[in-house]
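In order, the protein sequence lines correspond to chains W and S. According to my numbering, the first sequence is numbered sequentially starting from 1. According to my numbering, the second sequence is numbered sequentially starting from 371. Quick reminder that beta carbons are idealized off the backbone N, C-alpha and C, glycines included. In this text, all values refer to a predicted model and were calculated from it rather than measured experimentally.
There are 2 protein chains.
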Amino acid sequence: MVNISLDSIKRPTLLVDEAICRENIRWMAEKAARLGVNFRPHFKTHQSKQMGRWFREEGIKSITVSSVSMAKYFNEDGWDDITIAFPLNLRESDEIIDLSDKARLNILVTMAEPLELFSRHKKNSEEPTGVYIKIDTGYNRTGLIPSEIEEIEKIINTCRQSYSLLFKGFLTHTGHTYNARCKNEVEMISKEAFRLLGSLKAKFDSGPDSLTLSVGDTPACSLLSNFDGIDEIRPGNFVFFDVMQTVIGSCEAGRIAVCLACPVVSKNATRKEIVVYGGAVHLSKESVFYVDKTIYGFVCTLSAEGWSEPLYDCYVKSVSQEHGVIKVSNEVFLSIRCGDLLGILPVHSCLASQCMGNYLINGTLAEAHM
Amino acid sequence: MVNISLDSIKRPTLLVDEAICRENIRWMAEKAARLGVNFRPHFKTHQSKQMGRWFREEGIKSITVSSVSMAKYFNEDGWDDITIAFPLNLRESDEIIDLSDKARLNILVTMAEPLELFSRHKKNSEEPTGVYIKIDTGYNRTGLIPSEIEEIEKIINTCRQSYSLLFKGFLTHTGHTYNARCKNEVEMISKEAFRLLGSLKAKFDSGPDSLTLSVGDTPACSLLSNFDGIDEIRPGNFVFFDVMQTVIGSCEAGRIAVCLACPVVSKNATRKEIVVYGGAVHLSKESVFYVDKTIYGFVCTLSAEGWSEPLYDCYVKSVSQEHGVIKVSNEVFLSIRCGDLLGILPVHSCLASQCMGNYLINGTLAEAHM
C-alpha cells in the first residue's frame, strides 16, 4: 500500500512501500533473534533517517554503514552503536576520532600499517574505537586471508598496545553469494566462511571478552537457517530487496519494497518498445542476466495503491542517461499511452536509492543521506 | 593545472582541470565556426552554471539539455535559447509552457499524439515553443524512421495548426558511434545519418524559414571534418571527454578534464591490487572493453598541479558501492601507501559527474544541478 497521487508524479520518482519495507525489517529482526545472532543491519541501502526509525521500532540498536559521513548522519539521529564496514580511511582519522566520542564506533582494518598510523594519531585519553579485522573468505575484494596469521597478530598487538583501540573480532562479507543462483550455492559459500572465521576465533579468543564474528550479505542472511558459531549478521539490501535478489533466490518479487515510477515519453510500434523518463541516472547501470538476457529492471503497472506484480513478458532492455527502453508485450503496448506511468523494479536497490537521493513514502518526499 | 591541496582531500573528489576544459570548449567552438554549423553544446555532461559561463565566454549562446529541470537550472543563469533533447514528457507540460515564456525553448517529439495533447494544453496566446522531430538514424532508441512520412506530416500539421508551436526541423542522435572503434566507422554512421536528414529537409523544407538539421554526439563532432548539409551540432561529453572517448578514438587521454581523487584504503600484495575509497556511487558502473579486458577507469597519480598521464600498466578492475579495486604494476604497488591518493579517469564522465553532484575546481567546490 503506497497511497500515491499518480497525477502528482512528473519525473522519475522512487516509491517506497512502507508496509513491505517494515515487513522485511521485522522478518529479518525476528530471524536474527530466533537464531541467536545480533542484528546490525547495513544502512547503506536506504541511507534514510526515517527508515532507520522503522528499524528502531523493531528494537534494533546497532547498525552498519559504509562511510564515515554516513556514520555521522545516523549518529545525528541517535544511533550510537555503529560499525563502519569499509577499510579505515586514514584521511578521515579526525572525523573517526570525533565520532568515537559520540558513539560506540567500530572500524574495519585490512592491514596493520594504517591502524598503527591511526593509533599514533589517536590520543590514549580519547574514547576507545572498536576494531574489526576484515577477513577475505573468498570474495577477493578486501581483507586478510585466514592464513595471514602474522599480519593478524600485528593488528591485534597494535590494539593491545593502545588504550584507545579495542579489538572486537573478525568480520567478513561473502559478496560472492551474489553470483549464486540457488540456496545450495549460498549455503556452501557461507559455511566455508563460517568455518574460516571459527578457526580464527578458536585461535585468538583468549580474553574474558569473547571475540565477535560478524557476517553479512542479504542472500546468506535471507536463505540460511542457521548461523552456527556466528555472533552477528549485517545484511542491508533486504530492507528493499530488488531484481538481483529474486534472481539469486533470496526473495519473491512481491517483497521488493521500492519501485521507480517513470513517465512514458515515447513508443515504438515496430519494435514493441516503450521509452520512459528513467535511466542510468535514476536506476544506475546495474544489470543482471535473467533467464536468457541481460535486463535492467522488471516492469510493473502503477495504481494509487502501489505497483503490480512484475509483468514477466516485459523488461527494461537498456538504459542511457535519462532514457529507459522497455520491451513490452503487444497487450501492454496497446494499453499504454505517452504521459502514463510505468513502474520499474530496480536490479540493484542500493544503487537506485543512491542515484535518486530521496524517496516518496506515503505521498511525502523523504530526503536521504546521498 | 589544477592547484589542489592534496591534504585537504578526505573523500572521493571529482577534480576538474579548468585549462583542459576551456581548451576542449574552445576547440569545439572554433571547429563549429570553421565548419559553419551552429554550436549548441549539450550541458547534461557538466550540469554546472560555472562551466556554462566558460562556454559563454567563447561566444556560445544556445544550449542543449536533457530534462526540463536542467533547462530551468540554466535558464536561471541567463541561458535563453535551449533545446530539451529528450522526448516530450507530458507530465511536465506546465513547466515547459512556463519556460517557453522565459526562453526560446525547443522540445523534441517522437510521435504526433503527445504533441497534440500538449498543443491542446497550451493556449495560442502563449509564447511559441519550438518543435524538433526526433529522427532515428540507426541508434534504435527513440525517434521516427525517415520513411514514417505520415507521422512526420501529422506532427508538422499539428505545429502549423497552432500559433504556439513552431516547427523547427529534424534532430538525431547517432549514439551508435559509441560502438565504433575508429574514425572510419564514426564517419560511415554519421554520413548515413546526414543523408537521411538531408532527404527529409529536401522533402519538407518549403517555408521562408529554412528547417534546421541538428546532430550531436561527441565521437562524430570530434572526428568529422565536415558536416555537409547539417545546420547544428550538439555534442556534450567533449567538455570533459573520458576513457570511453579515448577508446573510440575521439581524443587523446591528455584531453580528459575530470579525474576522481580517491584515498587508498587497502592493498593486497598477492593479487597486486590496491583498493580505493571510490566506487560505483562515485564513478557509476559504466565499463568499457579496453585492449583485452573490461575496465572501470584509467589510473593516474596526483600532485598539486593535477594528474599524470594514465599509468597504462594499471586499471580499475571492478567497482562496488564504495570500493574501487585497482590492478597495479609491481612498481606502483610498492610506491603507494594507505592514506595516499590515486586518480581515476572515469569511463563515462557524464555519469561520474551525475554521481558526484559537485566538482573541485581550482581548490573550490562547485555545486552542479544533480
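Using a Cβ cut-off of 8 Å (strictly closer), state whether Tyr729 of chain S contacts chain W.
Proximity of Tyr729 of chain S to chain W, defined by a Cβ-Cβ separation below 8 Å, is not satisfied.
In chain C, which residues lie less than 9 Å from Val275 of chain W when you measure between Cβ atoms?
In the structure shown, chain C cannot be found, because the protein chains are W and S.
Quick one: give me the first and last residue of the beta strand (DSSP E) that Gly500 of chain S is part of.
Thr499 to Lys504 is the span of the beta strand (DSSP E), which, as asked, contains Gly500 of chain S.
Only counting the same chain, and skipping five residues up and downstream in sequence, which positions put a Cβ closer than 7 Å to that of His491 of chain S?
Excluding sequence positions up to five before and after His491 of chain S, its CB lies within less than 7 Å of the CB of Ser463, all in the same chain and listed in chain order.
Going along the chain, which residues of the region 671–694 of chain S sit with their C-beta nearer than 8 Å to a C-beta in chain W?
From the region 671–694 of chain S, only Ser688, Ser690, Gln691, Glu692 and His693 have a Cβ closer than 8 Å to chain W.
Does the beta-carbon distance from Cys338 of chain W to Lys327 of chain W come in below 8 Å?
No, Cβ-Cβ distance for Cys338 of chain W and Lys327 of chain W is not below 8 Å.
Answer yes or no: does any C-beta atom of chain S fall closer than 8 Å to that of Leu90 of chain W?
Contact of Leu90 of chain W with chain S is assigned, a C-beta pair being separated by under 8 Å.
Check for me: the beta strand (DSSP E) holding Asn476 of chain S runs from which residue to which?
In the DSSP annotation of this structure, the continuous segment of the beta strand (DSSP E) that includes Asn476 of chain S starts and ends at Arg474 to Val479.
Does the region 275–282 of chain W come within contact of the region 341–352 of chain W, defined as at least 3 CB pairs closer than 8 Å?
Result yes; three or more Cβ-Cβ pairs closer than 8 Å.
Distance, Pro41 of chain W Cα to Pro235 of chain W Cα:
Cα-Cα distance, rounded: 5 Å.
Whose Cβ in chain S lies nearer than 8 Å to the Cβ of Gln161 of chain W?
Correct list: empty, because the minimum Cβ distance to chain S is about 19 Å.
Between Lys720 of chain S and chain W, is any beta-carbon pair separated by less than 8 Å?
For the record, residue 720 of chain S in the displayed sequence is Cys; it is not Lys. Closer than 8 Å: yes.
Which residues in chain W have a C-beta closer than 9 Å to the C-beta of Gln339 of chain S? List them in chain order.
For chain S, the structure presents residues 371 to 740; residue 339 of chain S sits outside this window and is missing.
In whole angstroms, what is the alpha-carbon distance linking Leu485 of chain S and Ile503 of chain S?
Looking at the backbone, the Cα of Leu485 of chain S and that of Ile503 of chain S are separated by about 10 Å.
If Ser66 of chain W sits next to Tyr359 of chain W, beta carbons under 8 Å apart, how far is it from one beta carbon to the other, in whole angstroms?
Not quite, the Cβ-Cβ distance comes to about 19 Å (not below 8 Å), so this is no contact.
Could you check which residue in W:Phe167, W:Leu144 and W:Ser266 has the C-alpha nearest to that of Glu643 of chain S?
For Glu643 of chain S, the closest alpha carbon among the candidates W:Phe167, W:Leu144 and W:Ser266 is that of W:Leu144.
Within 10 angstroms of its Cβ, does Ile361 of chain W collect 16 or more other Cβ (buried), or is it exposed?
Under the 10 Å beta carbon count, Ile361 of chain W is surrounded by 16 or more other beta carbons and is classified as buried.
Tell me whether Ser378 of chain S is buried or exposed, calling it buried when 16 or more other Cβ atoms sit within 10 Å of its Cβ.
With fewer than 16 other Cβ atoms within 10 Å, it is exposed.
Using a threshold of 8 Å, state whether the C-beta atoms of Ile135 of chain W and Leu196 of chain W are closer than that.
For the pair Ile135 of chain W and Leu196 of chain W, the CB atoms are nearer than the 8 Å cut-off.
Using CA coordinates, which residue listed in W:Gln321, W:Lys317, W:Val332 and W:Val319 is at the minimum distance from Thr301 of chain W?
Checking every option, the nearest Cα to that of Thr301 of chain W belongs to W:Val332.
Boundaries (first-last residue) of the alpha helix (DSSP H) holding His693 of chain S:
Element bounds for His693 of chain S: not the alpha helix (DSSP H) but the beta strand (DSSP E), His693 to Lys697.
Within the region 252–298 of chain W, note down every full beta strand (DSSP E) run reaching 3 residues or more, in order along the chain.
Listed in chain order, the complete beta strand (DSSP E) runs (minimum 3 residues) inside the region 252–298 of chain W are 258–268, 273–277, 288–290 and 293–295.
Among the candidates W:Gly78, W:Leu35 and W:Ala71, whose CA atom is the shortest distance from the CA of Arg56 of chain W?
Comparing Cα-Cα distances from Arg56 of chain W to each of W:Gly78, W:Leu35 and W:Ala71, the minimum goes to W:Gly78.
Are there three or more Cβ pairs, one per stretch, closer than 8 Å when the region 223–232 of chain W is compared with the region 9–16 of chain W?
Output reads no: the region 9–16 of chain W does not touch the region 223–232 of chain W.
Quick check: the Cα distance between Ser62 of chain W and Ile466 of chain S, rounded to an integer number of angstroms?
When rounded, the distance between both Cα atoms is 47 Å.
Which residues in the same chain as Ser532 of chain S place their Cβ atom closer than 6 Å to its Cβ, once the five residues preceding and following it in sequence are excluded?
Cβ neighbours of Ser532 of chain S beyond the five flanking positions: Ser489.
Might you give, ordered along the chain, the residues of its own chain that have their beta carbon closer than 8 Å to the beta carbon of Glu497 of chain S, omitting 5 neighbours on each side?
Ser470, Asp471 and Ser534, listed in sequence order.
Is the separation between the beta-carbon of Cys591 of chain S and that of Met398 of chain S shorter than 8 Å?
Their beta carbons are under 8 Å apart, which means Cys591 of chain S touches Met398 of chain S by this criterion.
Would you please state the rounded distance, in angstroms, between the beta carbons of Ile20 of chain W and Phe39 of chain W? I believe it to be under 8 Å.
Taking C-beta atoms under 8 Å as the contact rule, Ile20 of chain W and Phe39 of chain W fail to qualify, at a distance of about 19 Å.
For Ile519 of chain S, count the other beta carbons within 10 Å of its own beta carbon; 16 or more makes it buried, fewer makes it exposed. Which is it?
Burial call: exposed.
First through last residue of the alpha helix (DSSP H) which encompasses Pro589 of chain S:
Going by DSSP, Pro589 of chain S is part of the alpha helix (DSSP H) stretching over Thr588 to Leu593.
Reference Gly254 of chain W; option with closest CA among W:Tyr73, W:Pro263, W:Ser308 and W:Phe289:
Closest by alpha carbon: W:Ser308.
Compare the C-alpha of Gly198 of chain W against each of W:Glu76, W:Gly169, W:Val186 and W:Phe74 and name the closest.
The shortest C-alpha separation from Gly198 of chain W is found at W:Gly169.
Buried or exposed: Leu735 of chain S, going by 16 or more other Cβ atoms within 10 Å of its Cβ?
Burial call: exposed.
How would you write the range of the beta strand (DSSP E) that Leu165 of chain W sits in, first residue to last?
Where Leu165 of chain W is concerned, the enclosing beta strand (DSSP E) starts and stops at Leu165 to Leu171.
Could one say the Cβ of Ser147 of chain W lies closer than 8 Å to chain S's Cβ atoms, at least one of them?
So, not an interface residue.
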